[in-house]
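Novice: Chains as they are written, first to last, in my numbering: chain V, 2 to 505; chain F, 304 to 616.
Below: one structure in structure tokens.
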Amino acid sequence: MRRVALGFILVMLAAACGGGGGGGNGGGGTPKNGGTATIALESELHTLDPMDSSLLVEREVFYNMYDSLFTIDSSLAIKPGLVKTWDTSDPLNYKFTLQSGVKYHDGTPFNGASVKANIERYKTGATSRRKSDLSSVKSVEVTDDTHVIFHLGKPDSTLLATLVDRAGMMLSLDAVSKGGQNFSLAPAGAGSGPFEFVEWKRNDHLTLKKNPSYWRSGLPYLDGVTYRAIPDVNAILAALKTGDIDIARVIASKDVASLKTDSNFIYKDVPAIGFNGFELNAGTSPFNDPAKRQAVALAIDRYAILKDIQFNIGVVAYGPIPPSSWAFDSSEKIYDHADASKAKSTATGFTFTYKTTSDPVNQQLAQLMQSELSAAGITMQIQTEEFATYQQECANHQFQACGVSWSGRIDPDGNIYAWWHTGGSFNDSLYSNPQVDQWLEDARTTADQAKRKQDYDNAQKQIVQDAPYVFTTFGVSAQISDTKIHGFTLYPDLMIRMAEVWKS
Amino acid sequence: MSYILRRLVLMLPVAFLVTVGVFMLIHLSPGDPALIILGEDRNPEAIAQVHQELGLDKPLYAQYLIWVGHIIHGDWGRSITTHEPVWNAITDRLPATLELGIAALLWSLVVAIPLGTIAAVRRGSAADRIATGVSVAGVSVPNFFIGIVLIYVLSVSARIFPFGGYVPITQDPWESLRHVILPAIALGTAGTAINMRFTRSSMIEVLNHDYIRTARAKGASWRRVVFVHALKNALIPVVTIVGLQIGGIIEGAVVTETVFTWPGVGRLAVESIFNRDYTVVQGVVLLAAFSYMLANLAVDLVYGWLDPRISYA
Chain V
2 MRRVALGFIL
12 VMLAAACGGG
22 GGGGNGGGGT
32 PKNGGTATIA
42 LESELHTLDP
52 MDSSLLVERE
62 VFYNMYDSLF
72 TIDSSLAIKP
82 GLVKTWDTSD
92 PLNYKFTLQS
102 GVKYHDGTPF
112 NGASVKANIE
122 RYKTGATSRR
132 KSDLSSVKSV
142 EVTDDTHVIF
152 HLGKPDSTLL
162 ATLVDRAGMM
172 LSLDAVSKGG
182 QNFSLAPAGA
192 GSGPFEFVEW
202 KRNDHLTLKK
212 NPSYWRSGLP
222 YLDGVTYRAI
232 PDVNAILAAL
242 KTGDIDIARV
252 IASKDVASLK
262 TDSNFIYKDV
272 PAIGFNGFEL
282 NAGTSPFNDP
292 AKRQAVALAI
302 DRYAILKDIQ
312 FNIGVVAYGP
322 IPPSSWAFDS
332 SEKIYDHADA
342 SKAKSTATGF
352 TFTYKTTSDP
362 VNQQLAQLMQ
372 SELSAAGITM
382 QIQTEEFATY
392 QQECANHQFQ
402 ACGVSWSGRI
412 DPDGNIYAWW
422 HTGGSFNDSL
432 YSNPQVDQWL
442 EDARTTADQA
452 KRKQDYDNAQ
462 KQIVQDAPYV
472 FTTFGVSAQI
482 SDTKIHGFTL
492 YPDLMIRMAE
502 VWKS
Chain F
304 MSYILRRLVL
314 MLPVAFLVTV
324 GVFMLIHLSP
334 GDPALIILGE
344 DRNPEAIAQV
354 HQELGLDKPL
364 YAQYLIWVGH
374 IIHGDWGRSI
384 TTHEPVWNAI
394 TDRLPATLEL
404 GIAALLWSLV
414 VAIPLGTIAA
424 VRRGSAADRI
434 ATGVSVAGVS
444 VPNFFIGIVL
454 IYVLSVSARI
464 FPFGGYVPIT
474 QDPWESLRHV
484 ILPAIALGTA
494 GTAINMRFTR
504 SSMIEVLNHD
514 YIRTARAKGA
524 SWRRVVFVHA
534 LKNALIPVVT
544 IVGLQIGGII
554 EGAVVTETVF
564 TWPGVGRLAV
574 ESIFNRDYTV
584 VQGVVLLAAF
594 SYMLANLAVD
604 LVYGWLDPRI
614 SYA
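Put into structure tokens, the structure is as follows:
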């Protein structure tokens, strides 16, 4: 839920592609070695250990320090990482062949034993946040140095996507034990990724240097990467303009248009994997009445939100699965343009309270929705709360409506199961529908992608129709940099991967 | 000496009340650190696990006693979000905060004392009115706004100063100075205005005293009377207010540090409050309380030096 403000800012990034005449980006020219790049992080990290990480900004750094068992390409397809080839024909025993000759930054070898030890650490570590990610994995069997078998307790078609993220990041356990209690603050030598940890001065900077013996030959191009935590989108833009940073992941939507016309900068974006909208609490009045939820969903003008609040950055959302996903259903448009009269005939004349934070954009959004709903005879009261309070009340179902966005997951399961399966960990709305539960369970355990898509189409239609959540927009993943940055690939998962980036 | 000892002993009950106050305030404010720590990875098992890790499943009085017990033994605990030792978290950021605070204070004094003196000596003149106007503006304009204007004009447009960030003075004195100037001006301007007003009004009062007339009658030059005879006595109320300003340095300049991405104690405090990082908030507030108490003591001692009539037997 930390992503509320964040997801929102993201969605506010400009939609249209093109770098405002910046040029010189992408694959243009021959990559050049050397130089360093400074990247803005929109909040400070809490940890550098994937085991106890829960922030998006942490993942962004991890992808450049650590290697995962799997990676994705820019269309979200699963690609080899530290696992070279895989055989998942037996749904309870996944066979992985590992890259050979890979070494961690501290010189210790990456091998089957290391995979087993890492997975066991994630599954049993006292402060591990990865336990639920890996709940389907019963054990890891090491066949030899380059072959392992993941034994699963139940079929899990989301596992490979899970192993792209933190649960699949491999660390030198020598470095972990050497780091001791301070490992999460200074994970020296622990990764095998394109850049090595140098130092982290909290609230100031985090420095990584080139891994000269990176196993993907010829990479990385840069000598180093520095991250600076700048917790204000206006300050991030100022730092970009003064040249104090080279790359930003987010800026305020209102500034995108001017940046696009500035020939010193590049702005590009692709659809991301998260969604924006708000929860309606089906467990309490007035929204325990499905008609009232549907009336709200009918009365909200998504196009106005996209245009007036998000400056046309992103696209209108019809459900939880975004256009970047293989499971996207372009035919599902149950609620599209606002229809006040249809909303009125569904349910009208009731009042509810919408909880949000004091962020100016969230406030504008709330006011816009308030006026849209009043056209349908629905009174929405706005309750502004400090973030931690708001977060606690929404998570504990103490709300009628609550604005919460989601940063998104690579596999569609991550955008839907926890949110609307009965008792799901993000099911703040207390939504429950046995038929939806069944579709989501089936999609989780089926390997056949066509069958999974059918299940997700069915589940999504039902959830959108029942409206425990009103979807408004999908966000974007953006490149915001100066024109010296080249070789930048945009990934829908919002992560900035620096291995192939070079500087002129 | 015995006076100092007595004052130090009297600080203990105050310190105790501070520990109770800060502990209750932060623990009773709504919000669950486990939800913040877990973010998008929250689920009931993980939340219960974090509560247990942090001892939040124990009754509040037990949590308080554990914390105070550790503090008495010199253990400030670890941050509940980063696991960084609280003492290190604070002391790592203290040099940045001190550098900014001292630079801001210097800026305020270097401008305020001469301006205040001139305004007092030439009371009613154009110089007085301008100085008074500037001082009212200085107190009225919030420092984040001054900061944003300075960044926009001198950093983003003119590119004279870097945008934000901190370079330790030990690492590169020149770069350190370049980085500290804008935040110091933003932070120090309100203090400049206050210190100038105090200098002015106190100076006016002192200039009306008999001994000033005597000094003039004995043939001392006006310059000597103002800067030697009058100024030293006029500074007593200014010292009080500056003492409080010094005490305030430790807690950091919350807003200025955020605007300029200055890695100081103020930013640490704000971030920790938003994150409900109980141990860090408690540590910062406790340290700030101690620094206020010590600054007050120092101010009382400086009085005696400035005005020999004040003594603490």
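For each residue, glycine too, the CB sits at the ideal point set by N, CA and C.
Small disclaimer: the values here were computed from a predicted structure and weren't measured.
Quick one, which of K504/V, N277/V and P435/V has its alpha-carbon nearest G404/V's?
Specialist: Among K504/V, N277/V and P435/V, the Cα nearest to that of G404/V belongs to N277/V.
Novice: So, are the CB atoms of A40/V and I497/V less than 8 Å apart?
Specialist: The sequence shown places Ile at residue 40/V, rather than the Ala named in the question. For I40/V and I497/V, yes; Cβs fall inside 8 Å.
Novice: Roughly how many whole angstroms lie between the Cα atoms of N65/V and M499/V?
Specialist: Approximately 6 Å between the Cα atoms of the pair.
Novice: On the DSSP bridge assignment, give the partners of L153/V in chain order.
Specialist: V138/V, per the DSSP bridge assignment.
Novice: Does K242/V get closer than 8 Å to chain F when you measure Cβ to Cβ?
Specialist: Chain F contact via Cβ: present.
Novice: Could you tell me which uninterrupted alpha helix (DSSP H) segments, each at least 4 residues in length, are contained entirely in the segment 247 to 323 of chain V, listed from first to last along the chain?
Specialist: 257 to 261 and 291 to 300, all fully within the segment 247 to 323 of chain V.
Novice: Nearest CA to the CA of D91/V: which residue from H152/V, W407/V and S178/V?
Specialist: Looking at the Cα atoms, H152/V is the closest of the given residues.
Novice: Which residues in the same chain as K155/V place their Cβ atom closer than 7 Å to its Cβ, once the five residues preceding and following it in sequence are excluded?
Specialist: Taken in chain order, the residues that qualify are S137 and T446.
Novice: State the beta-bridge partners of V477/V as determined by DSSP.
Specialist: Its beta-bridge partners are P272/V.
Novice: Helix, strand or coil, according to DSSP, for W327/V in the structure here?
Specialist: Correct three-state label for W327/V: coil.
Novice: Taking the alpha-carbon positions, what's the A6/V to Q365/V distance?
Specialist: In this prediction, A6/V scores a pLDDT of 41, lower than 50, which makes its location untrustworthy; the coordinate-derived value is nonetheless stated afterwards. Distance between the alpha carbons of A6/V and Q365/V is about 13 Å.
Novice: Measuring only between beta-carbons, confirm whether E356/F sits less than 8 Å from chain V.
Specialist: It does; some Cβ of chain V falls within 8 Å.
Novice: Do the segment 474 to 486 of chain F and the segment 595 to 603 of chain F make contact, defined as three or more Cβ pairs closer than 8 Å?
Specialist: Result no; under three Cβ-Cβ pairs closer than 8 Å.
Novice: On the three-state DSSP scale, how would you describe I497/V?
Specialist: DSSP places I497/V in coil when its eight states are reduced to three.
Novice: Between the alpha carbons of K255/V and N313/V, how many angstroms are there, rounded?
Specialist: Going by the C-alpha atoms only, they are around 10 Å apart.
Novice: Can you find a CB in chain A that lies within less than 8 Å of the CB of Y469/F?
Specialist: Judged by its chain identifiers, the structure shown contains no chain A, and its protein chains are V and F.
Novice: Check this for me: beta carbons of V297/V and L374/V, under 8 Å apart or not?
Specialist: Yes; because the gap between Cβ atoms is below 8 Å, this pair is in contact.
Novice: Check distances from the C-beta atoms of the segment 576 to 590 of chain F to those of chain V and list, in chain order, the residues that come in under 7 Å.
Specialist: Listed by position, the residues of the segment 576 to 590 of chain F near chain V (Cβ gap below 7 Å) are F577 and R579.
Novice: Can you give the Cα-Cα distance for R217/V and P493/V, rounded to whole angstroms?
Specialist: Distance between the alpha carbons of R217/V and P493/V is about 23 Å.
Novice: Quick one: Cα of N446/F to Cα of I252/V, how far?
Specialist: Between N446/F and I252/V, the C-alpha separation is close to 23 Å.
Novice: May I have the straight-line CA-CA distance separating D443/V from A187/V, to the nearest angstrom?
Specialist: Cα-Cα distance, rounded: 42 Å.
Novice: With 8 Å as the limit, tell me which residues of the segment 460 to 493 of chain F have their beta carbon closer than that to any beta carbon of chain V; keep them in chain order.
Specialist: So the close ones are R462, P465, F466, G467, G468 and Y469.
Novice: At 9 Å on the CB atoms, spell out the chain V contacts of I539/F, in chain order.
Specialist: Within 9 Å Cβ-Cβ: nothing; I539/F doesn't reach chain V, min ~38 Å.
Novice: Is S482/V helix, strand or coil when you go by DSSP?
Specialist: Note: S482/V maps to strand in three-state DSSP.
Novice: Output the residue ranges of the beta strand (DSSP E) runs that lie fully inside the segment 578 to 612 of chain F and measure 3 residues or longer, sorted by chain position.
Specialist: Segments of the beta strand (DSSP E) lying fully in the segment 578 to 612 of chain F: there are none.
Novice: Along the alpha helix (DSSP H) that carries D88/V, what are the first and last residues, could you check?
Specialist: Unbroken run through D88/V is the beta strand (DSSP E), V84 to D88; no alpha helix (DSSP H).
Novice: For the beta strand (DSSP E) that contains N183/V, what are its first and last residues?
Specialist: No beta strand (DSSP E) holds N183/V; DSSP gives it neither H nor E.
Novice: Just checking my contact of I274/V with R410/V at CB under 8 Å: how many whole Å lie between their CB atoms?
Specialist: Indeed, because the Cβ distance is near 7 Å, the residues count as touching under 8 Å.
Novice: If contact means a Cβ-Cβ distance below 9 Å, which residues of the segment 345 to 376 of chain F contact chain V?
Specialist: Those would be R345, N346, P347, E348, A349, I350, Q352, V353 and E356, in chain order.
Novice: Are the Cβ atoms of A348/V and K308/V separated by less than 8 Å?
Specialist: No, Cβ-Cβ distance for A348/V and K308/V is not below 8 Å.
Novice: Which residue or residues does DSSP assign as beta-bridge partners of E386/V?
Specialist: Answer is T358/V.
Novice: Compile a chain-ordered list of the residues in the segment 213 to 232 of chain V whose CB is closer than 9 Å to at least one CB of chain F.
Specialist: Those residues of the segment 213 to 232 of chain V that come within reach of chain F (Cβ to Cβ, closer than 9 Å) are R229, A230, I231 and P232.
Novice: Determine which residues of the segment 191 to 207 of chain V have a Cβ less than 9 Å from any Cβ of chain F, and write them out in chain order.
Specialist: So the list reads K202, R203, N204, D205 and H206, given in the order they occur along the chain.
Novice: With distances taken from CA atoms, which of L172/V, V143/V and H47/V is nearest T98/V?
Specialist: If we check each option's Cα against that of T98/V, V143/V comes out closest.
Novice: What residue does the beta strand (DSSP E) around T98/V start on, and which one ends it?
Specialist: Looking at the DSSP string, the run of the beta strand (DSSP E) that includes T98/V is N94 to L99.
Novice: Please confirm whether V477/V and D270/V have their CB atoms less than 8 Å apart.
Specialist: Closer than 8 Å, so yes.
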